[in-house]
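Here our numbering runs 13 ahead of the position in the sequence shown, where the first position is 1.
Have a look at the structure below before the remarks.
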Amino acid sequence: MITDPRLVELLSYYRDAELRGAQLLFRLLKMTQHDVDIQVKLTRHVTDETRHAWLWTKRIVEMGGVPTRIAAGYQARIGMRIRPRTVVDLFALTLVVEERSLARYREHALRANVDELTRAVLLAVSRDEQSHISWMSNTLAQLLEQNPDSREHAEPMIQRYRQVDADVYAALATYEREAFRDDDRATLAEITPRVL
Ligand SMILES: [Fe+2]
Ligand SMILES: [Fe+2]
């Protein structure tokens, strides 16, 4: 079965964001070796993100596609504007990115023209993203409590990260809207014969 190449590209964006998200976590793993609690949670977390990348890859292959190489996806664009250096920076950035992916997946799952298998992946990964946000925001709050100096600079930094995230996401959303412009009400099955 050959499916809509635009959907393959969209899921390839998701796959790329999951893999790059895992890279941020690998950096954090390296920087937090002294903290066993964080090591346990991060190891679980990185397993989730790589599994998410696999779920998207599997879904693409099931649809008859192959993952598209994404040169300038969400995380790459974020990386051009934000260079996290400390553990607090990395926690804050990961949190902002996690919140975006959760909102993104939820919004996609609610669309009328989503096939059931894709929706199942969207819901499964959303559950995990919710738990990632929860442990990371709790741990970030603890880190800031332990280090009041970093608290002062954390608030404006998170605001800046959110602004960069909003800019990057707006640009990608415009591209996506443009790509899918003619098919607002089409189901995947309706699109498929036309693009073959
Ligand atoms: Fe994920
Ligand atoms: Fe996540």
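Ideal placement from N, C-alpha and C gives every residue a C-beta, glycine not left out.
Counting of Cβ neighbours within 10 angstroms places Trp67 among the exposed residues, the total staying below 16. When C-alpha distances from Gln88 are compared across Leu153, Gln52 and Ser25, the shortest belongs to Ser25. Taking non-hydrogen atoms of ligand 1 into account, the C-beta of Glu31 is found less than 8 Å away from one of them. Taking 9 Å as the cut-off, the Cβ atoms of Glu111 and His65 do not count as close. With the rule of 3 Cβ pairs closer than 8 Å, the region 117-129 does not count as touching the region 48-63. Judged by DSSP secondary structure, Gln36 falls within the alpha helix (DSSP H) whose first and last residues are Pro18 to Met44. For ligand 2, the residues with a Cβ under 5 Å from any of its heavy atoms are, in chain order, Glu111, Glu142 and His145.
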